[in-house]
Every structure is written in C-alpha cells, then in structure tokens.
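Written below as structure tokens is the structure these notes are about.
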Amino acid sequence: MQGSHQQSQQHDVIIVGGGMVGAALAARLGNAGKSVGLIEQGDAPAPPEGDYDLRISSLNARSLAFINASGTQLPEERSCPFRHIDVANQDGTGHSLFSAADSDMDDFGVFVENRTLQYALWQRLAVLPGVTCYTQCAPISTLASGDMRLVELDNGKTLSAPLVVGADGARSTLRELAGISVTHYDYHQRAMIINVETELPQQDVSWQVFTPTGPIAMLPLPGQRASLVWYDSDDATKAREQLDDDALKAAIEEAFPKRLGKLTRVVARASFPIKRQHAKRYIGKRLALIGDAAHVVHPLAGQGLNIGLHDADTLAELIIHGRDPGDHINLHRFEVQRRLANQAMIAATDSFHHLFTGARPMRQLGDLSLHIAERIPFAKRIMMQQANGLNPFKRR
Ligand SMILES: Cc1cc2nc3c(=O)[nH]c(=O)nc-3n(C[C@H](O)[C@H](O)[C@H](O)COP(=O)(O)OP(=O)(O)OC[C@H]3O[C@@H](n4cnc5c(N)ncnc54)[C@H](O)[C@@H]3O)c2cc1C
Numbered sequence: 001m002q003g004s005h006q007q008s009q010q011h012d013v014i015i016v017g018g019g020m021v022g023a024a025l026a027a028r029l030g031n032a033g034k035s036v037g038l039i040e041q042g043d044a045p046a047p048p049e050g051d052y053d054l055r056i057s058s059l060n061a062r063s064l065a066f067i068n069a070s071g072t073q074l075p076e077e078r079s080c081p082f083r084h085i086d087v088a089n090q091d092g093t094g095h096s097l098f099s100a101a102d103s104d105m106d107d108f109g110v111f112v113e114n115r116t117l118q119y120a121l122w123q124r125l126a127v128l129p130g131v132t133c134y135t136q137c138a139p140i141s142t143l144a145s146g147d148m149r150l151v152e153l154d155n156g157k158t159l160s161a162p163l164v165v166g167a168d169g170a171r172s173t174l175r176e177l178a179g180i181s182v183t184h185y186d187y188h189q190r191a192m193i194i195n196v197e198t199e200l201p202q203q204d205v206s207w208q209v210f211t212p213t214g215p216i217a218m219l220p221l222p223g224q225r226a227s228l229v230w231y232d233s234d235d236a237t238k239a240r241e242q243l244d245d246d247a248l249k250a251a252i253e254e255a256f257p258k259r260l261g262k263l264t265r266v267v268a269r270a271s272f273p274i275k276r277q278h279a280k281r282y283i284g285k286r287l288a289l290i291g292d293a294a295h296v297v298h299p300l301a302g303q304g305l306n307i308g309l310h311d312a313d314t315l316a317e318l319i320i321h322g323r324d325p326g327d328h329i330n331l332h333r334f335e336v337q338r339r340l341a342n343q344a345m346i347a348a349t350d351s352f353h354h355l356f357t358g359a360r361p362m363r364q365l366g367d368l369s370l371h372i373a374e375r376i377p378f379a380k381r382i383m384m385q386q387a388n389g390l391n392p393f394k395r396r
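Read in order, the letters of the sequence shown are residues 1 to 396 in the UniProt record's numbering.
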C-alpha cells in the first residue's frame with residue numbers, strides 16, 4: 001500500500017458498502033456527530049417510483065427504532081405495517097396465528113421495498129455534515145497500521161480510520177482482503193418472488209403456508225398489491241420461470257390459499273438461490289463485519305436484513321459510547337453479542353426449513369411446534385418478541 005495515514009483522508013469510521021445495513025450504520029453514526037467515510041461501488045440510489053420493486057423486506061421493532069435513531073424517515077405511502085403473522089401447513093394439521101396485540105405492540109413492523117429504505121437512508125446521509133460518500137469505487141487493499149487502518153481505493157484515493165467496517169454484502173471484498181473465511185451451505189432451493197395486483201385489498205396480515213417442497217408466503221403491500229414468495233427446488237422454479245404471465249397467474253391461484261383471491265396482474269418476478277453463510281470471525285485488527293458480509297440466513301423468517309441492522313445497532317452503540325471506535329475490547333464485545341444472536345437465528349431458520357420441508361416424520365414435529373405455539377401463550381409471546389429483536393425477559 002502506497003500512502004501512510006498522514007497523507008490519507010481521515011474519518012472516525014470507514015464503512016465499505018452503502019446497502020441498507022452500511023447506509024444505516026453511517027446515518028446512525030453521522031447523526032451522533034461522528035465523521036464517517038462510506039465507500040459504495042455503485043451510484044447513490046435513485047428515488048423509487050412506479051411499480052413496487054421485487055426486493056421487499058420486513059423491518060421489525062428493533063430495526064425501526066434503529067432507523068429512527070439515525071433521523072431517517074421512511075415514506076408511509078410505500079411502507080405497509082402488519083399486525084398478524086399466520087403460519088400453517090398445507091394439509092391443515094398445524095396452524096398458529098401470531099398477533100402483535102398479544103405482545104402489547106401496535107404492529108410487528110413494516111414491509112418496505114429495499115430500494116425505498118436505501119434511498120431514504122442516503123437522503124439522510126446527504127444532510128449529515130460528518131458523512132462523506134465515496135461512490136463508484138471499491139477497496140483494493142487494506143492494512144492495519146498503529147491505531148489506524150488504511151483502505152486503498154481503486155480510484156487512487158487512500159482513506160484511514162481507527163475502525164473499518166465491512167457492510168459490502170455476501171461476497172464481501174473487505175472480508176476477503178482481511179483473510180476471513182466463511183462456512184457455507186446450499187439449501188438447493190430457490191425463492192421465486194412475484195409481485196402481483198389482486199382483486200381483494202391486502203390486509204394487515206402476512207401469511208406463510210408450509211408445503212413439502214417449501215413454504216409459500218404472502219407479504220402485503222399497500223392497496224391491492226402483494227409480494228408472493230414461492231420456495232421450491234431449483235428445477236421446479238426454473239420451469240415455473242418459463243411460464244407466461246397468464247399461465248403463472250393460473251399456477252399461483254391453484255397453489256396458493258384461496259384467501260389470496262383472484263389476481264388481476266403479475267407485475268414482476270425473479271428468483272434467488274437460497275444459501276446460508278457465516279463468517280468464521282466478525283472482527284480483525286481495527287475491522288468489523290456486519291450484515292450479509294458476516295452472515296446470510298434462509299429468508300423464510302424474513303430476518304436477514306433485521307439481524308444485519310441489529311449488528312449495526314450494537315456496533316453503533318459501542319462506537320458512540322466508547323473512546324476508540326476500533327478498540328479491541330469493544331470489537332470483542334460486538335463479536336460475542338452478535339455471534340450468539342445470529343447463530344441462534346441461523347439455527348432457528350435452519351430447523352424451520354428442515355422441520356417443514358423434510359420427510360413426513362420431521363413435518364409432524366413441525367406441526368407439533370405450531371400446536372405448542374398456539375396453545376401456550378407464554379411460548380408464543382417469547383417467540384414473537386425474539387423475532388422482533390426484543391428481549392422477551394425485559395420489562396417494558
Ligand atoms: C428472497 C429474499 C428475501 C428476503 N427477505 C427478507 C425480509 O423479508 N426481511 C429481512 O430482514 N431480510 C430479508 N432478506 C435478506 C436481506 O435482503 C439481506 O440480508 C440484506 O439485503 C443485506 O443487506 P446488506 O446491506 O448487508 O448487503 P447488500 O444488500 O448486499 O448491500 C451491499 C452493498 O455493498 C456494495 N458493495 C459490494 N461490494 C462492494 C465493494 N467491493 N466496494 C464497495 N461497495 C461494495 C453493494 O453495491 C451494496 O450496495 C431476503 C433475502 C432474499 C434473498
């Protein structure tokens with residue numbers, strides 16, 4: 001690496017990756033008066049308009065609180081709150097309805113397009129004086145030197161900070177440059193996302209039905225719109241992708257529960273491979289990984305982005321209240337807290353997958369777990385609060 005940190009642009013924290021997780025951390029730190037350099041390989045996001053985008057995420061209570069703490073406003077007209085989560089299996093032998101009111105909450109959170117959230121965060125970054133966004137560039141090398149870490153960019157610039165954070169997604173360059181390896185698992189499943197318009201207005205309930213080949217789910221969007229998620233084997237999904245809109249509409253009306261009603265339009269569709277990945281370490285010398293750079297979980301519980309934002313929340317609190325952002329003790333605390341929580345989420349989503357998509361005896365166990373959740377309110381309450389990123393044993 002060429003420059004020393006005397007010749008480099010200095011910040012309190014450098015964040016690589018301006019996706020939802022990286023931008024949220026930058027906004028939270030910038031809002032607390034920190035100097036942040038945000039490196040994004042793409043352009044600043046464009047304003048969302050027109051039809052709803054395919055990439056939709058649920059944001060739970062803790063994630064929403066974190067986004068609020070950064071001073072970011074989510075546009076209400078493109079967000080859809082949900083108050084109930086309905087989980088069942090296809091043959092009707094297991095069913096559980098989770099309601100926010102049972103946990104003294106107004107709602108479980110909101111569904112929002114990924115691009116709407118990312119745009120709102122970048123709008124906030126644009127008015128925070130401590131935040132500098134370096135777009136269309138990426139790191140090519142990084143080196144810890146004394147109490148700083150240097151990052152050399154492919155546009156010739158060098159930045160330095162006491163802490164560099166990798167929020168550059170599942171194929172993180174920063175993770176690779178730091179020599180951190182991952183464990184990896186392929187579910188041999190794809191999720192086909194289909195945005196539709198419906199005859200019926202969608203309500204404040206998100207539902208998921210487990211079938212032997214994978215779950216099918218409906219995420220409500222504002223008005224008469226919904227985002228459908230159809231998990232299936234690679235081959236079945238690829239065959240379904242060849243269908244024209246009318247044939248796909250017919251296939252959905254046949255496979256999905258009648259409560260969806262008739263479809264008036266297939267707006268957009270795409271499919272994504274389902275994989276799990278976990279970094280062997282979240283930290284290095286004056287370096288931390290957050291979001292998908294640290295972990296990728298099965299999306300069936302809608303928690304991947306949420307746990308990424310919880311990483312950012314935990315790290316932000318340690319940075320804001322500590323003296324040195326990259327202090328080893330702080331980073332060690334971050335790793336311990338977040339690895340435990342993320343490992344638990346990976347185990348939970350993994351067991352959901354194997355319980356409901358596996359062979360018949362496993363599926364019977366899955367049915368039993370839904371019965372337990374439905375019949376024991378205390379168990380249900382704990383499950384709901386954990387899914388919301390809240391501590392179920394803390395008094396509110
Ligand atoms: C089908 C599906 C459905 C999902 N549904 C949900 C849901 O309902 N709820 C939920 O919580 N999660 C959900 N997830 C997971 C969620 O989408 C991810 O966890 C989330 O997008 C991760 O955000 P991130 O910011 O960590 O990474 P990313 O979104 O991958 O962002 C990484 C950013 O870094 C930039 N970048 C990459 N490399 C470099 C580089 N070398 N230099 C500079 N910049 C770089 C990229 O351009 C990008 O802007 C779902 C995932 C899938 C596949």
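Where is the CB? At the ideal position from N, CA and C, for every residue including glycine.
Being a predicted model, the structure only gives us computed values, none of them experimental.
The closest heavy atom of ligand 1 lies 7 Å or more from the beta carbon of residue 179. Excluding sequence positions up to five before and after residue 208, its CB lies within less than 7 Å of the CB of 87, 215 and 217, all in the same chain and listed in chain order. For residue 207, the pairing in a beta bridge is given by DSSP as 86 and 218. Within the model, the alpha-carbon separation for residue 327 versus residue 38 is close to 20 Å. The C-alpha of residue 313 is placed about 7 Å away from the C-alpha of residue 25.
Selection 110, 311, 278 and 89 evaluated against residue 64 yields 110 as nearest (Cα-Cα).
In the displayed model, residue 327 falls within coil according to three-state DSSP, outside both helix and strand. Comparing alpha-carbon positions, the option among 158, 141, 153 and 148 lying closest to residue 176 turns out to be 141. One alpha carbon belongs to residue 186, the other to residue 275, and they sit about 5 Å apart. Below 8 Å, enough C-beta pairs join the region 193-213 and the region 253-273 to call them touching: three or more. Inter-residue distance for residue 335 and residue 290 is about 10 Å (C-alpha atoms, whole angstroms).
A direct Cα-Cα distance of roughly 29 Å separates residue 329 from residue 125. Residue 34 counts as buried, since no fewer than 16 other beta carbons sit within 10 angstroms of its beta carbon. Closest in alpha carbon position to residue 188, among 238, 144 and 204, is 238. When the five nearest sequence neighbours on each side are left out, the beta carbons in the same chain lying within less than 7 Å of the beta carbon of residue 211 are those of 90, in order along the chain. Runs of the alpha helix (DSSP H) lying entirely within the region 114-181 and spanning at least 4 residues, in chain order: 114-126 and 173-177. Selection 130, 303 and 346 evaluated against residue 62 yields 303 as nearest (Cα-Cα). For residue 96, the enclosing beta strand (DSSP E) stretches over residues 95-99. Under a 10 Å Cβ-count criterion, residue 73 is classified as exposed, with fewer than 16 other Cβ atoms of the shown protein chains found around its own Cβ.
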